[in-house]
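Asker: Structure provided below as structure tokens; questions to follow.
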Amino acid sequence: MDPVIIVGAGPVGLTLALALARQEVPSVVLDEGSGTDEQRLARTAVLREDTAALVGRLAGFPVAEAGFRWAGWRSMRRKQVMRQITFGEDDPALLHIPQHVLTAALRTAIAAEGLVKMSVESRLDSVEQETAGVTAHTRGPQGTWWRGSFLVGCDGPRSTVRKLQDIRFPGRTAVERHAVAALRTELPWPGQALLHRLPPWRTSGPSVAEVTARPLAEDLWRMDWLLPPGKDLVTPDLLVARVRETLAGWSGGTTPPYELLDTGVHTVHHRLARRWRAGRVFLAGDAAHLLGALGTQGLDEGLRDADNLAWKLALAWHHGPHEALLDSYQVERRAVVAARLRATDQALPVLRAGGLRSAVPGSSRGHDALLTEGHLGRGALGAPGTYADAPLAPPRAESSVEVGTAVGAPVADVRVTAEDGSAVALRDRLGRGALLVLLIAPGTVVWARKHWVTAGIMPRLAAAVTALPHRAELLVAESYPGAAAHTVLLIRPDGHLVTALGGVRPADLYEAAEAALGGPRATAEAAASRS
Numbered sequence: 209m210d211p212v213i214i215v216g217a218g219p220v221g222l223t224l225a226l227a228l229a230r231q232e233v234p235s236v237v238l239d240e241g242s243g244t245d246e247q248r249l250a251r252t253a254v255l256r257e258d259t260a261a262l263v264g265r266l267a268g269f270p271v272a273e274a275g276f277r278w279a280g281w282r283s284m285r286r287k288q289v290m291r292q293i294t295f296g297e298d299d300p301a302l303l304h305i306p307q308h309v310l311t312a313a314l315r316t317a318i319a320a321e322g323l324v325k326m327s328v329e330s331r332l333d334s335v336e337q338e339t340a341g342v343t344a345h346t347r348g349p350q351g352t353w354w355r356g357s358f359l360v361g362c363d364g365p366r367s368t369v370r371k372l373q374d375i376r377f378p379g380r381t382a383v384e385r386h387a388v389a390a391l392r393t394e395l396p397w398p399g400q401a402l403l404h405r406l407p408p409w410r411t412s413g414p415s416v417a418e419v420t421a422r423p424l425a426e427d428l429w430r431m432d433w434l435l436p437p438g439k440d441l442v443t444p445d446l447l448v449a450r451v452r453e454t455l456a457g458w459s460g461g462t463t464p465p466y467e468l469l470d471t472g473v474h475t476v477h478h479r480l481a482r483r484w485r486a487g488r489v490f491l492a493g494d495a496a497h498l499l500g501a502l503g504t505q506g507l508d509e510g511l512r513d514a515d516n517l518a519w520k521l522a523l524a525w526h527h528g529p530h531e532a533l534l535d536s537y538q539v540e541r542r543a544v545v546a547a548r549l550r551a552t553d554q555a556l557p558v559l560r561a562g563g564l565r566s567a568v569p570g571s572s573r574g575h576d577a578l579l580t581e582g583h584l585g586r587g588a589l590g591a592p593g594t595y596a597d598a599p600l601a602p603p604r605a606e607s608s609v610e611v612g613t614a615v616g617a618p619v620a621d622v623r624v625t626a627e628d629g630s631a632v633a634l635r636d637r638l639g640r641g642a643l644l645v646l647l648i649a650p651g652t653v654v655w656a657r658k659h660w661v662t663a664g665i666m667p668r669l670a671a672a673v674t675a676l677p678h679r680a681e682l683l684v685a686e687s688y689p690g691a692a693a694h695t696v697l698l699i700r701p702d703g704h705l706v707t708a709l710g711g712v713r714p715a716d717l718y719e720a721a722e723a724a725l726g727g728p729r730a731t732a733e734a735a736a737s738r739s
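If you're matching positions, the sequence shown starts at 209 in the numbering used here and goes up one per residue.
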């Protein structure tokens with residue numbers, strides 16, 4: 209069968225290629241550039257725990273060592289500290305990493321992956337679809353025709369794929385602008401991210417409404433200044449003045465030594481493609497959505513697109529058309545991103561407005577709480593979305609029970625025993641194309657696997673797993689948040705909880721697995737949406 213064509217060689221496209229390769233699906237990545245990336249310290253990504261783990265396991269790369277986890281979070285308004293948060297192992301911070309470091313790690317992994325072909329200096333200019341596949345043409349030194357089973361546009365905000373498919377991309381332009389600088393210096397809060405609203409000093413230009421400082425590693429920092437509305441030019445002199453006066457404001461009036469390493473202007477747009485699928489063509493990442501105001505993590509959402517789409521394309525590639533399953537990609541991911549965009553667009557007028565509204569008692573703390581949620585990946589502005597109401601969610605069975613993870617949400621990363629007897633992290637078993645069935649069995653860790661694998665409910669559960677409509681792996685854990693002994697969790701290949709059952713219920717487990725693969729319910733809903 210023909211490979212999957214991936215247009216765009218940014219982090220989302222490269223992640224998708226590696227995710228497909230892990231499930232034995234070949235791909236061709238069409239890279240418009242030369243195959244190298246400019247080193248820009250002022251262009252960074254903020255990743256949640258599970259997306260950082262996704263990149264780590266796909267690239268075989270210690271992402272946590274290459275990035276930096278904040279030791280704490282501090283928010284201020286004028287001279288008042290509004291909130292302080294200290295992070296630890298039980299409550300880890302988001303990971304902040306230069307985007308070129310992330311991309312380089314993915315490229316290195318792909319260079320050693322036989323199932324991924326990179327084609328540099330290949331600019332897409334046409335796409336043709338037939339019943340059995342997709343044909344794409346590129347121009348450039350190696351201009352040629354490419355034949356694929358599916359095509360995924362990961363080619364950024366100005367996506368050629370989206371334009372060729374005549375997909376609208378409505379939304380708002382220049383929602384916010386930020387002047388950005390990466391520098392080496394020492395701040396009074398080493399290792400802690402800082403959000404400072406209405407700082408008491410004035411710059412050589414308009415008053416600073418908001419400045420954020422995020423530690424990159426040791427004494428490296430990224431700083432963002434919210435710019436006033438308009439298109440005023442940010443000159444080098446103005447940016448240097450802001451750097452000096454901000455550092456002086458945080459350091460008792462004297463500017464500490466610093467080295468300016470990189471600068472830029474970051475413009476935030478909010479847009480959402482009308483469709484994310486057109487037959488055998490899909491959109492992902494910035495080609496499908498743009499968001500980023502109030503700390504929302506755009507690249508993180510793009511990586512989630514790749515993770516969601518990869519196992520569905522792999523199943524269709526190996527086993528033939530699964531239209532309801534492929535349709536669910538748009539339904540699930542577009543709904544999550546749309547909800548974040550709505551929440552952010554509703555919060556922006558409140559947070560950015562002045563006058564009487566900002567003088568209401570308690571409003572400052574409420575505004576600070578919203579901003580903190582966005583920057584720390586929590587709440588309506590920042591928390592990862594769930595797929596509880598998506599077409600792949602099974603109907604609730606009588607044996608269904610509640611655990612610490614909501615149905616459709618990413619599962620917690622607990623230690624599990626795999627079928628070969630090895631003890632691994634649950635996240636290490638994700639992305640292999642298999643469903644995961646996790647039994648909560650306290651006490652098993654003190655016994656050799658050979659003693660409990662044939663005892664109690666294990667033989668019946670093993671038989672039920674073997675009978676499922678798709679390949680599944682049986683895992684055992686000592687505990688899981690909120691789960692009682694003998695709870696059985698069914699988990700999708702991308703790590704989202706399908707259902708939790710109280711005990712071994714083969715019929716209910718089968719029905720849930722069938723639904724998660726685009727079974728009768730999903731098929732009916734997909735047909736209705738296309739009619």
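Even for Gly, the Cβ is constructed at its ideal location relative to N, Cα and C.
Please name the residue, chosen from ARG640, TYR688, ASP716, that lies closest to GLU232 on a Cα-to-Cα basis.
Answerer: Closest option to GLU232, Cα to Cα, is ARG640.
Asker: Considering only the alpha carbon of each residue, which of GLU384, GLY356, LEU502 lies closest to GLY582?
Answerer: Residue LEU502 is the option with its Cα nearest to GLY582.
Asker: Measure the alpha-carbon distance for THR443 versus VAL544 and round it to whole angstroms.
Answerer: Each residue's Cα considered, the two are about 38 Å apart.
Asker: Buried or exposed: which applies to SER334, given that a residue is buried once 16 or more other Cβ atoms fall within 10 Å of its Cβ?
Answerer: Per the 10 Å Cβ criterion, exposed.
Asker: Given TRP429, which residues of its chain have a CB within under 8 Å of its CB, disregarding the five upstream and five downstream residues?
Answerer: Closer than 8 Å at Cβ, skipping near neighbours: ALA390, LEU391, ARG392, THR393, LEU395, ALA421, ARG422, PRO423.
Asker: Skipping 5 residues on each side, what residues in its chain have a beta carbon closer than 6 Å to that of GLU240?
Answerer: Same-chain partners within the cutoff: ARG331.
Asker: Are the CB atoms of LEU469 and LEU249 within a distance shorter than 8 Å?
Answerer: Result yes, Cβ atoms of LEU249 and LEU469 sit closer than 8 Å.
Asker: How many angstroms separate the CA atom of LYS287 from the CA atom of THR580?
Answerer: Each residue's alpha carbon lies about 18 Å from the other.
Asker: Measuring alpha carbon to alpha carbon, tell me which residue in LEU226, ASP597, ALA551, PRO557 is nearest ARG586.
Answerer: Checked all of LEU226, ASP597, ALA551, PRO557; the closest Cα to ARG586 is ALA551.
Asker: Taking the beta strand (DSSP E) that ASP740 falls in, what are its first and last residues?
Answerer: Residue 740 lies beyond the residue range present for the chain, which begins at 209 and ends at 739; the question has no answer from this structure.
Asker: Nearest CA to the CA of LEU521: which residue from ALA229, PRO219, THR252?
Answerer: Of the listed residues, the one whose Cα sits closest to LEU521 is ALA229.
Asker: Let me confirm a value: VAL237 is counted as buried when at least 16 other C-beta atoms fall within 10 Å, else exposed. Which label applies?
Answerer: Flag for VAL237 reads buried.
Asker: What residues are listed by DSSP as bridge partners for SER630?
Answerer: None; SER630 has no bridge partner.
Asker: Under a CB-based cut-off of 8 Å, is ALA598 close to chain B?
Answerer: As a matter of chain content, chain B is missing from the structure shown, which is built from one protein chain.
Asker: Put THR311 into one of helix, strand or coil per three-state DSSP.
Answerer: If DSSP states are grouped into helix, strand and coil, THR311 belongs with the helices.
Asker: In chain order, what residues of the same chain have a beta carbon less than 6 Å from the beta carbon of VAL489, not counting five sequence neighbours either side?
Answerer: Excluding residues within five positions, the ones whose Cβ falls inside 6 Å are LEU359, GLN373.
Asker: Which runs of the alpha helix (DSSP H) spanning at least 4 residues fall entirely within the stretch 577 to 616, listed in chain order?
Answerer: Complete alpha helix (DSSP H) runs here, min 4: 587 to 590.
Asker: Rounded to a whole number of angstroms, what is the C-alpha to C-alpha distance between ILE606 and THR707?
Answerer: Looking at the sequence provided, one finds Glu at residue 606 rather than Ile. Each residue's Cα considered, the two are about 12 Å apart.
Asker: Check the C-beta distance from PRO599 over to SER687 and give it rounded, since I have them as a contact under 8 Å.
Answerer: About 31 Å separates the two Cβ atoms, so there is no contact after all.
Asker: Taking ALA387 and LEU447 to be in contact with their CB atoms under 8 Å, please state how far apart those CB atoms are, rounded to whole angstroms.
Answerer: Contact holds; Cβ gap of about 6 Å.
Asker: So what does DSSP say about LYS520, is it helix, strand or coil?
Answerer: Three-state result, LYS520: helix.
Asker: Three or more beta-carbon pairs under 8 Å between the stretch 706 to 725 and the stretch 619 to 631, yes or no?
Answerer: With the cut-off at 8 Å, the stretch 706 to 725 and the stretch 619 to 631 do not touch.
Asker: What do you get for SER283, buried or exposed, if any count of 16 or more other CB atoms within 10 angstroms of its CB means buried?
Answerer: Buried, since its Cβ has 16 or more Cβ neighbours within 10 Å.
Asker: Since GLY461 and VAL609 are thought to touch, with beta carbons under 8 Å apart, how far apart are those beta carbons, to the nearest angstrom?
Answerer: Incorrect: roughly 59 Å between the Cβ atoms, too far for contact.
Asker: Leaving out five residues before and five after VAL632 in sequence, what residues of the same chain have Cβ atoms less than 7 Å from its Cβ?
Answerer: Same-chain partners within the cutoff: VAL624, ALA626.
Asker: Enumerate in chain order the residues of its own chain whose CB-to-CB distance from PHE269 is below 6 Å, with the five nearest sequence positions on each side excluded.
Answerer: ALA313, listed in sequence order.
Asker: Could you check how far apart the C-beta atoms of LEU644 and ALA680 are, in whole angstroms? I think they sit under 8 Å.
Answerer: Indeed they touch by this definition, with Cβ atoms about 7 Å apart.
Asker: Would you tell me roughly how many angstroms separate the C-alpha atoms of ASP427 and PRO398, rounded to the nearest one?
Answerer: So the two alpha carbons sit approximately 8 Å from each other.
Asker: What are the start and end residues of each continuous alpha helix (DSSP H) run of 4 or more residues lying completely inside the stretch 646 to 719, in chain order?
Answerer: Listed in chain order, they are 657 to 660, 666 to 674.
Asker: Taking Cβ positions, are ARG512 and THR259 nearer each other than 8 Å?
Answerer: Cβ atoms of ARG512 and THR259: closer than 8 Å.
Asker: Considering only residues of the same chain and omitting the five flanking positions on each side of THR352, which have a CB-CB separation below 7 Å?
Answerer: Once the five neighbours on either side are set aside, the close Cβ partners of THR352 are THR346.
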